[in-house]
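For the sequence shown, the working numbering gives the first residue as 273, with consecutive numbering after it.
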Amino acid sequence: MTEKIYEQLSLLGKKVETPERPEDAVLETFPNPHPDTDYVVRLTAPEFTTICPITGQPDFAVIVVDYVPGPRLVESKAFKLFLGSFRNHGTFHEACTVYIHKRLQEAMDPKYLRVVGLWYARGGITIDVVVETGTLPPNCTPLPIGRTSYRGGRE
Numbered sequence: 273m274t275e276k277i278y279e280q281l282s283l284l285g286k287k288v289e290t291p292e293r294p295e296d297a298v299l300e301t302f303p304n305p306h307p308d309t310d311y312v313v314r315l316t317a318p319e320f321t322t323i324c325p326i327t328g329q330p331d332f333a334v335i336v337v338d339y340v341p342g343p344r345l346v347e348s349k350a351f352k353l354f355l356g357s358f359r360n361h362g363t364f365h366e367a368c369t370v371y372i373h374k375r376l377q378e379a380m381d382p383k384y385l386r387v388v389g390l391w392y393a394r395g396g397i398t399i400d401v402v403v404e405t406g407t408l409p410p411n412c413t414p415l416p417i418g419r420t421s422y423r424g425g426r427e
């Protein structure tokens, strides 16, 4: 059964170019192998980059996604390619974080989804954006987010 699930994935295990634009990226998903159990999945991208739509200067962030799967989970390589598509895309921090959340919500239909963008300072100001939807089941606890000590998912 596991092999049939993975046969549906077109990116995993193959050489694939990073999409040029976020809207061109495919967020592949696969069935939740444990739909009878609520659990939290964390995806962390500690080296996320995009560019300012006005100045063209690079912007850097740590993107943290916590979700409780519904029927589907996002495949991590597809998620990586999706995030990579922002590298030369001009967007503001808030719009970018919300867009990531909307695409994940659309692709997975999770029970709970939180996307956090911890943006590095530009002009002396840091911008942290949190978008959260759904209901966190009582037996699920996302890992804490330490703003300055964050190290790839571990504190």
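Using N, Cα and C, we set each Cβ at its ideal position, and we do this for glycine too.
Proximal residues to residue i (C-beta, below 6 Å), its chain only, five neighbours per side dropped
{"i": "residue 370", "result": "403"}
{"i": "residue 341", "result": "304, 382"}
{"i": "residue 288", "result": "none"}
Beta-bridge partners of residue i, as assigned by DSSP
{"i": "residue 404", "result": "386"}
{"i": "residue 320", "result": "333"}
{"i": "residue 315", "result": "337"}
{"i": "residue 397", "result": "394"}
{"i": "residue 301", "result": "346"}
Selected residue, minimal CA-CA separation from residue i, among the options
{"i": "residue 321", "options": "339, 356, 347", "result": "356"}
{"i": "residue 350", "options": "333, 337, 300, 334", "result": "300"}
{"i": "residue 360", "options": "287, 398, 309, 325", "result": "325"}
{"i": "residue 409", "options": "392, 338, 373, 296", "result": "338"}
{"i": "residue 346", "options": "375, 333, 414", "result": "375"}
Same chain only: Cβ atoms within 8 Å of residue i, ignoring 5 sequence neighbours per side
{"i": "residue 358", "result": "294, 320, 321, 322, 368"}
{"i": "residue 329", "result": "323, 394"}
{"i": "residue 412", "result": "310, 311, 312, 340, 384"}
7 Å CB neighbourhood of residue i in its chain, flanking five on each side removed
{"i": "residue 377", "result": "385, 405"}
{"i": "residue 417", "result": "336, 388"}
* **Cβ contact (3+ pairs, closer than 8 Å) linking the region 373-391 and the region 401-418** => Two segments are said to touch when three or more pairs of C-beta atoms, one from each, lie closer than 8 Å; by this definition the region 373-391 touches the region 401-418.
* Asked: Does the pairing of the region 359-373 with the region 302-315 give three or more beta-carbon distances under 8 Å?
  -> no
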